[in-house]
Amino acid sequence: MSADTSDAVCPECGTPIAASIPTHRVGPAWQNRLTLAAWLGTAGSLLRRPGKTYHAMRLDGSATPARLFLLSIALIVGIGWGMFSFLAVGQGGLMAWLAGMVAAKVVLIMTYVETVGVTFFSRRRGWRVPFGLAERVTCYASVGWVVEAAVLATLVGM
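Sequential numbering from 1240 applies to the sequence shown in my numbering.
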């Protein structure tokens, strides 16, 4: 490869290297500011245009924002499932709370199962996706668990 890489493309994803320079990756709002508005903006952009959101994700710095995003999703799913169990299914308070706790733990466990899977399959394909990168992607992708829990509640409630 020549010293001038302005026209070169990444051999793994085909993206122009100039577009992948860290200064061009501004990150989703939540990666920059830990506020409710930033969380809502990030969750919304992940649901509406995930590719664009992931393309902008910063790969450097702390994984803490991604992990906090995952924890907030687990909390939302847990509270929502507990309320559903109490109000729609008619479980008692303690059982509904336990159902919510189980739902929250399932979100956390399944997200990290997914992280391990992304890392494993990327290695099998010859891609360089370290665990930390896979973790960030799956932590932000956890917003999909809210949608899944709502669909499952609808099916159970029928």
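C-beta: ideal position from N, C-alpha, C; glycine also.
The three-state reading of DSSP puts V1248 in strand, counting E and B together.
In this structure, R1264 lies near A1295, with their beta-carbon atoms less than 7 Å apart. Counting the other CB atoms within 10 Å of its CB gives L1326 a total below 16, which places it among the exposed residues. Judged by DSSP in its simplified three-state form, P1369 adopts coil rather than helix or strand.
Beta-carbon to beta-carbon, A1343 and L1314 are separated by about 6 Å, close enough to satisfy the 8 Å threshold. Secondary structure note for I1315: its alpha helix (DSSP H) is the uninterrupted segment 1303–1323. W1384 sits close to V1316, with the two beta carbons spaced by under 7 Å. In the DSSP assignment, L1275 falls within the alpha helix (DSSP H) that extends over 1275–1287.
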